[in-house]
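**Student:** This structure is in structure tokens; I'll ask about it shortly.
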Amino acid sequence: MASLELVLLHALPLDGSMWAAQQDLLPGATHSPTLYALGDTLSAWATAVLDSAQGDRLIVVGNSVGGSCALEMAVAAPGRIAGLVLIGTKAAHRPDPGLQARVLRALREQGVAAAWHGFWEPLFSRSADRRLVAEAKRIASSRTAD
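2 is the number of the first residue of the sequence shown in the numbering used here; add one for each residue after it.
What follows is the structure, encoded as structure tokens:
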């Protein structure tokens, strides 16, 4: 029988800890890597996640750019993907190069806090649970501009 693994892929500017509350959904078989540590491209991230995943069949949940990585995984290894859940991900999953350049410039010139307020905080609904927004900000603020 094929082993099943749940792979949870985070949004920018967060990291794998974004999924801390979901780590026990599939005890012993839930994986939530921090994508930045795996390379500089979606393809590199997808390859690294596929290589590190232990399961024969993967249920992949991706939020934002994590969803873009999930789509790359599905293209690279369709036979291993048992399910795909995309949250806030475009079907044309390539990040906008202009937006990417603006975010990187803000990070370098103004720091993580300014980038949070200018790019990521506005993505949350005004009705979003403030505790979740605060946790997302905490995770983002723990990252460096590099």
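The beta carbon of each residue, even a glycine, is placed where N, CA and C say it ideally should be.
(1) Do the stretch 32-51 and the stretch 59-79 make contact, defined as three or more Cβ pairs closer than 8 Å?
(2) Can you give me the Cβ contacts of W20 inside the same chain, cut-off strictly under 7 Å, excluding the 5 residues immediately before and after it?
(3) In chain order, what residues of the same chain have a beta carbon less than 7 Å from the beta carbon of W121, not counting five sequence neighbours either side?
(4) Whole angstroms are fine: how far does the CA of L36 sit from the CA of S143?
(5) By the DSSP assignment, the alpha helix (DSSP H) with E122 in it spans what residues?
(6) What residue does the beta strand (DSSP E) around R58 start on, and which one ends it?
**Tutor:** Checking against the coordinates, here is how it stands:
(1) A contact exists between the stretch 32-51 and the stretch 59-79.
(2) By the criterion of a C-beta distance shorter than 7 Å, W20 is surrounded in its chain by L9, H11 and S33, once the five residues flanking it on both sides are discounted.
(3) Close CB contacts of W121 within its chain, under the 7 Å cut and outside five residues either way in sequence, are with P14 and A141 (chain order).
(4) So the alpha carbons of these two residues sit roughly 15 Å apart.
(5) Run containing E122: none; DSSP gives neither H nor E here.
(6) Membership of R58 in the beta strand (DSSP E) is indicated by the continuous run R58 to N64.
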